[in-house]
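Asker: Pasting a structure below so you can have a look.
Protein chains in written order, with the numbering used here: chain A, 1 to 347; chain B, 1001 to 1347; chain C, 2001 to 2347; chain D, 3001 to 3347.
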């Protein structure tokens, strides 16, 4: 790639998450949003209009460009494996939204493909676990890593969506563990990379169409780390008070917590109650806006420096393996031991 | 009992918890601390000196008094079943510290004994799950019961002791589930009386002598309620920042939480950090001081009104059954179904 | 006085504040509530009934008792000077509610009287500025005194009543500065004993009958301490969110603040707002319940130890002088210099 | 101006505040940073290098451009009057940092000049009281204006810098009232536009060179609004815990407060203290970063829509008049009545 011009980036997908990436790429000083690809070409065109990118329909049109430096993959999950493989085969860096695939066999096959490509091994490949770049969580992780609370013993993650996705989305989502909890499972691995046991309990509390789809709307997951750490994840597909994203790291010498985010520090005091804060930021687009920017910046820097991306492909595999184990545990009522699904390599 | 004089109360045990009860009984306008019984007679005498009670060595001396109205049992666990049985056989109301017994078979046998006593059925018998009377938790429970957050879906309980009990205590404690978690299991039942499934995970993170005793120092428990409610309990035998006692009730229409208690509202602001609160109240004697008073008052009122106590004997049995199930789950790696251990009656 | 029995105490006044003192005296292990005096004898009798005290109509009946150790004066302000003088003339310790008198000349004359009594000089005399015994404020004061925030530079006091007193009360209250701000002026002196300048601004914002009485319902006072410290007091006669009692001490090396007090740590989270705390404790009886108990205990200890009380008579004089200066400043629009109204002696 | 291209903007000043504006102008979709003017041409060049602007030395070079749409004036205070006048004479919109001038006579003369220019009356002119655009304060102001807390009765503003400016800056600053308090005086007017009385008290607590310059390092200001509102401003030139910027609006039906801002929601819990938040954002560049962006955006929109800017020239005059009155009050010990310094017009 050229070092005297911004990196030329193609974006796949012009939906909700594609729009986030489009804005961030356009605003990044070292990235140029050159192409936006979407079979729904109107979406691509609308998005391209505000950013100076060229709208195209197919991946072929993207990969035909010899000066393509990187792709950001925000298209449907079913396209991920193919787009990752094509990018890496061409030595083009890739940032792919999670999950790699809902089917871990396809994800593992993709890994083999990449390993077979010389270029693949050395080309930056980042998985879009954006929450690792959230300033609140990232600060805790680095302070824990620096030993501020001694040895990490327990991690508590509470993560609730404001409202369930529509039935059509649920039907193809892969289930709450692979669709929603996977973010929290990766967050657990951000603090405790080696998980050796997964227990999960699921319930149907409020959403008929989720139950009809054979899925849960509420789950609790307990993880055991290699060094004994206990991680608790509590999920719900709804939350009357908005997007609930919290984390507590408990160590031998203290605790660090991150609470929810309000748009301002304003508090209200009245006869009915006092010190009332604003409603929380409504959903992930607002709550993780800064995380998406930081993630993209980290990707850009990895490309420039030629260093491995973190989180990488194998982090995506591990999170998927944990989600599968959680599903199995919730169905069987048994704790599931985790055998490392892949050997940890460059990916 | 006479209604024109305070109720005459005998206290069993002059140790740490006995001292709490002694002070509270002495200060209660409708109770008279008449006797303090402890085989370690010096302890009984010292405690009696400040309260006007008579110190005695044996239970026999207590039960020989014809005008005894009630007993408060704060002696070692192994004495509970016998003292409860004797009190109820005599129609004397009893408030007994948890647990009834470490052995559920002995506890069930005690239940049969009481059922066989006519007087037993109608005599007030309260189990000392004092946290139900903590103002913070009690307010949430009553607001949840009043429907303020809609249908209860998830309950999160975090409960950490400041430091592990000594090895000698651990050896006879019955293990973390029966000794420590049992309070949280009862708190879970305060919100979700009917628990149908228990999963638990235990770990040894920091305390060698607990590990050597075959016990855990850190555990996580997940409960499933009859209506699908999911309860998470996180326990640790230590906490660098003091006694950690928190609860969150998450419902379909909102959430209520109770945080830790500081002695004052004072906050400090300095170069290193801001809004720093005091250290938390150090342990249960301080944290639950008001709960112990409220518990005793509730007991006194139940005696006067002749109504059943809550929590009662069967609440003690149920909590013990849950603790046993948690232990079994942590050892086997399987979720344990709860069959109601006893039929719910007057007790 | 006898040292082998509790101190015999007479209480003047059976109104709202008298009832607080009656309960606290009755519950104090070293005090015996022997007499309650009130010309409204029914009030005295009702209060005496629950405490074992003798109800009397007149002060004469109280002072006729040779074994009287102490008086607590909670009767109307106009009686304070006379009762203080009579108690001290007889060598009987006195705890008197603020203010000494609304007329500083009468208060100064009272001082002269006391100084003329040999016994008076050595008899404990405490002024009832109960807030000095509030745990939240007292902790800050002692931490500031210990140098935790370096040199004290600015003090911010916000103090608002929940609702204005009735018109009849306002008419004889002496005005907001002498009736309400006087507590905050004493609090200022708790931190900055030597005040050299007072500026005040008054306004009529919401209460017609206060305005008709020629009084203010809202005021701001600025004080300058001898070492340059700046103190700001903000008062209002009403507050929609309940009793508002806060303080911030700002020093060269940090700040300490004390917020309002809620009955529990419970917080509510809903669609309209999050982290909502309970309503604050409604008024001074609840907010300062512990302060009243601590104050009485300090009084009892001063009697037993024969040491001077703090706050004492001169603290009452100083606060009254500051209130007068504030009134003068608010009327004249000029800062008023404070000449020390009395030489500081034993009183 | 052209409506089919971004507005061409010239920036005066490449110092600290100029750099803020440069970044914001460059990032604004409707603004083009065309010129940066600074006699210290190296500063202008460095700043221009990253933004695509042309660096020039003199204002003449700026005003010689026929397609100039707007100027942002971040150069020294002494240049403000001249640059404002030249811009408006040419019909070029201006956003000028506060204050207009340290000398109110020069500011009034500038007003007359502008009124004499036909174009001046209709050309957008904004004063850079950026805090009006701070999301925390702006939300409170709009909620108060919407009646959420009833009638506004008291406003409490606390504003402390992290550390005093250097002696050289202090010497030409115009004093704490005109240099620092002026922001808080404008904030007071944001809520209570018509101030009729000013009282102030100043002190020298910690900084010798400020005292030697005849200036105060600590002040308290009380304002009275036309409808009786009482405003308290507490200022200090230092703060051990960082930049302290808080506000409380107290009304007949409740209160709204805005606290300080931390970079994250992270809290720490340890043996020494609990719930400790991060250090606050260090100073105005960080604390008001969003306010500066919002301010610029409001300016751009006013230009496009042809509507009057708020805050405008007269807001600058009023704040300066209040600062002068505060100085006078602090020196004389008398409350100063405010006669409206100018008739409120388009400016």
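Don't be surprised by glycine CBs; every beta carbon is placed ideally from N, CA and C.
Remember, predicted model here, so these are calculated numbers, not experimental data.
1. Please list, in chain order, the chain A residues whose beta carbon lies closer than 7 Å to that of residue 1230 of chain B.
2. With a cut-off of 8 Å on the beta carbons, I'd call residue 3084 of chain D and residue 3094 of chain D a contact; round off their distance for me.
3. Cα separation between residue 3062 of chain D and residue 3082 of chain D?
4. If we cut at 8 Å on Cβ distances, does residue 3243 of chain D have a partner in chain G?
5. Going by alpha carbons, who is nearest to residue 3172 of chain D out of D:3213, D:3186 and D:3183?
6. In angstroms with no decimal places, state the Cα-to-Cα distance between residue 2020 of chain C and residue 2292 of chain C.
7. Please tell me whether residue 2257 of chain C has its Cβ less than 8 Å away from any Cβ of chain B.
8. Residues of chain B with CB under 9 Å from residue 2267 of chain C, in chain order?
9. Under a three-way DSSP split, which group does residue 2344 of chain C fall into?
10. Going by DSSP, which residues form a beta bridge with residue 3220 of chain D?
11. Put residue 2191 of chain C into one of helix, strand or coil per three-state DSSP.
12. Hey, quick one: how far does the alpha helix (DSSP H) through residue 3209 of chain D stretch, first residue to last?
13. For residue 1017 of chain B, which of B:1073, B:1259, B:1228 and B:1161 has the nearest alpha-carbon?
14. For residue 309 of chain A, which residues of its own chain have a beta-carbon under 7 Å away from its beta-carbon, when the five flanking residues on both sides are left out?
15. For chain D, find out if any of its Cβ atoms is closer than 8 Å to the Cβ of residue 2016 of chain C; answer yes or no.
16. Under the assumption that residue 2288 of chain C contacts residue 2131 of chain C (Cβ atoms under 8 Å), give the Cβ distance between them as a whole number of angstroms.
17. Could you list which residues in chain C have their beta carbon closer than 7 Å to that of residue 3334 of chain D, in chain order?
18. Could you work out which residues of chain C lie near residue 3154 of chain D, taking near to mean beta carbons separated by less than 7 Å?
19. Using beta carbons (cut-off 8 Å, strictly below), is residue 214 of chain A in contact with chain C?
20. Which value, in whole angstroms, describes the spacing of the CA atoms of residue 2330 of chain C and residue 2201 of chain C?
21. Given that residue 2163 of chain C touches chain A, what residues does it touch there, using C-beta distances under 8 Å?
22. Return the chain-ordered list of same chain residues with a C-beta closer than 6 Å to the C-beta of residue 3283 of chain D, the five sequence neighbours on each side being excluded.
23. Expressed to the nearest angstrom, what Euclidean distance is found between the alpha-carbon atoms of residue 183 of chain A and residue 2270 of chain C?
24. Who are the near neighbours of residue 348 of chain A in its chain, counting only those whose CB is closer than 7 Å to its CB and skipping five residues on each side?
25. Closest Cβ-Cβ distance between residue 1276 of chain B and chain D: below 8 Å?
26. For residue 2136 of chain C, return the contacting residues in chain B, with the cut-off set at a CB-CB distance below 7 Å.
27. Does the beta carbon of residue 2224 of chain C come closer than 8 Å to any beta carbon on chain D?
28. For residue 240 of chain A, report the span of its alpha helix (DSSP H) as first-last.
29. Between the region 1173–1186 of chain B and chain A, which residues of the former have a C-beta closer than 9 Å to a C-beta of the latter?
30. Looking only at its chain, what residues have a beta carbon closer than 6 Å to the beta carbon of residue 3133 of chain D, apart from the 5 residues adjacent to it on each side?
31. For the alpha helix (DSSP H) containing residue 3309 of chain D, name the first residue and the last one.
32. For chain A, is any of its Cβ atoms less than 8 Å away from the one on residue 2270 of chain C?
33. Can you check whether the C-beta of residue 2273 of chain C is within less than 8 Å of a C-beta belonging to chain A?
34. Between the beta-carbon of residue 1236 of chain B and the beta-carbon of residue 154 of chain A, is there less than 8 Å?
35. Applying a beta-carbon distance threshold of less than 9 Å, which residues of chain C neighbour residue 1139 of chain B?
36. Which bits of chain D does residue 2206 of chain C rub up against, with CB to CB less than 8 Å?
Answerer: In terms of the structure at hand:
1. By 1-based counting over the second chain, the position of residue 1230 of chain B is 230. What residue 1230 of chain B touches in chain A: 201, 203, 218 and 220.
2. If you number the fourth chain from 1, residue 3084 of chain D lands on position 84. If you number the fourth chain from 1, residue 3094 of chain D lands on position 94. Indeed, because the Cβ distance is near 5 Å, the residues count as touching under 8 Å.
3. As a first step, residue 3062 of chain D is located in the fourth chain; it is residue number 62 there, counting from the start. As a first step, residue 3082 of chain D is located in the fourth chain; it is residue number 82 there, counting from the start. Taking the straight line from one Cα to the other gives about 13 Å.
4. This model lacks chain G altogether, as its protein chains are A, B, C and D.
5. Translated into the one-based positions of the fourth chain, residue 3172 of chain D becomes position 172. Ranked by how close their Cα comes to the Cα of residue 3172 of chain D, the residues D:3213, D:3186 and D:3183 have D:3213 in first place.
6. Within the third chain, residue 2020 of chain C is the residue found at index 20, counting from 1. Within the third chain, residue 2292 of chain C is the residue found at index 292, counting from 1. Roughly 8 Å separates the two Cα atoms.
7. By one-based count along the third chain, residue 2257 of chain C stands at place 257. Interface residue, yes.
8. Position 267 of the third chain, counting from 1, holds the residue named residue 2267 of chain C. 1255, 1256, 1257, 1258 and 1259, listed in chain order.
9. Residue 2344 of chain C sits at position 344 when you count from the first residue of the third chain. Caution applies to residue 2344 of chain C, whose pLDDT of 41 falls short of 50 and renders its modelled position unreliable; the model cannot decide the point.
10. By 1-based counting over the fourth chain, the position of residue 3220 of chain D is 220. DSSP lists D:3201 and D:3234 as partners of residue 3220 of chain D.
11. Position 191 of the third chain holds residue 2191 of chain C. DSSP places residue 2191 of chain C in helix when its eight states are reduced to three.
12. Within the fourth chain, numbered from 1, the residue matching residue 3209 of chain D stands at position 209. Residue 3209 of chain D -> alpha helix (DSSP H) spans 3208–3212.
13. Here residue 1017 of chain B corresponds to residue number 17 of the second chain, with the count starting at 1. Here the closest residue by C-alpha is B:1073.
14. Here residue 309 of chain A refers to the residue found at position 309 when the first chain is read from its first residue. Counting only Cβ-Cβ distances below 7 Å, and skipping sequence neighbours, we find 124, 125, 126, 299 and 302.
15. Position 16 of the third chain, counted from the start, is the residue given in the question as residue 2016 of chain C. Not closer than 8 Å to any Cβ of chain D, the Cβ of residue 2016 of chain C fails to qualify, so no.
16. Along the third chain, one-based indexing puts residue 2288 of chain C at 288. Along the third chain, one-based indexing puts residue 2131 of chain C at 131. Distance from residue 2288 of chain C to residue 2131 of chain C at the Cβ level is roughly 6 Å; contact confirmed, criterion being Cβ atoms closer than 8 Å.
17. In the fourth chain, residue 3334 of chain D corresponds to position 334, counting from 1. Those within 7 Å of residue 3334 of chain D in chain C are 2333 and 2334.
18. Counting from one through the fourth chain, the residue named residue 3154 of chain D turns up at place 154. Going along chain C in sequence order, the residues near residue 3154 of chain D (Cβ under 7 Å) are 2218, 2234 and 2236.
19. Here residue 214 of chain A refers to the residue found at position 214 of the first chain. By this cut-off, residue 214 of chain A is not an interface position.
20. On the third chain, position 330 is the one that residue 2330 of chain C refers to. On the third chain, position 201 is the one that residue 2201 of chain C refers to. Cα to Cα, the separation comes out at about 5 Å.
21. Residue 2163 of chain C sits at position 163 when you count from the first residue of the third chain. In chain order: nothing, as chain A lies at least about 11 Å away.
22. Position 283 of the fourth chain, counted from the start, is the residue given in the question as residue 3283 of chain D. Excluding positions up to five away in sequence, the list reads 3162 and 3243.
23. Position 183 of the first chain, counted from the start, is the residue given in the question as residue 183 of chain A. Position 270 of the third chain, counted from the start, is the residue given in the question as residue 2270 of chain C. Across the structure, residue 183 of chain A and residue 2270 of chain C are spaced so that their CA atoms are roughly 24 Å apart.
24. What the structure shows of chain A is the stretch from 1 to 347, and residue 348 of chain A is not part of that stretch, so it cannot be assessed.
25. Within the second chain, the letter at position 276 stands for residue 1276 of chain B. Residue 1276 of chain B counts as touching chain D.
26. Numbered from its first residue, the third chain carries residue 2136 of chain C at position 136. Near residue 2136 of chain C (Cβ distances below 7 Å), the residues of chain B are 1264, 1265 and 1266.
27. For the purposes of this step, residue 2224 of chain C is taken as the residue at position 224 of the third chain. Yes, residue 2224 of chain C counts as interfacial toward chain D.
28. Within the first chain, numbered from 1, the residue matching residue 240 of chain A stands at position 240. In this chain, residue 240 of chain A is not harboured by any alpha helix (DSSP H), its DSSP state being neither H nor E.
29. none
30. Sequence index remark: in the fourth chain, residue 3133 of chain D carries index 133 (1-based). If we look at residue 3133 of chain D and ignore the five residues flanking it on each side, its Cβ neighbours are 3291, 3294 and 3295.
31. Position 309 of the fourth chain holds residue 3309 of chain D. Note, residue 3309 of chain D: premise wrong, no alpha helix (DSSP H); not H, not E.
32. Within the third chain, the letter at position 270 stands for residue 2270 of chain C. True, the Cβ-Cβ gap to chain A drops below 8 Å.
33. Position 273 of the third chain, counted from the start, is the residue given in the question as residue 2273 of chain C. Output row for residue 2273 of chain C: interface = yes.
34. As a working mapping, residue 1236 of chain B is identified with position 236 in the second chain. As a working mapping, residue 154 of chain A is identified with position 154 in the first chain. Against a cut-off of 8 Å, the Cβ pair of residue 154 of chain A and residue 1236 of chain B comes out as a contact.
35. In the second chain, the residue the question calls residue 1139 of chain B occupies position 139. What residue 1139 of chain B touches in chain C: 2263, 2264, 2266 and 2278.
36. Sequence index remark: in the third chain, residue 2206 of chain C carries index 206 (1-based). Going along chain D in sequence order, the residues near residue 2206 of chain C (Cβ under 8 Å) are 3151, 3153 and 3252.
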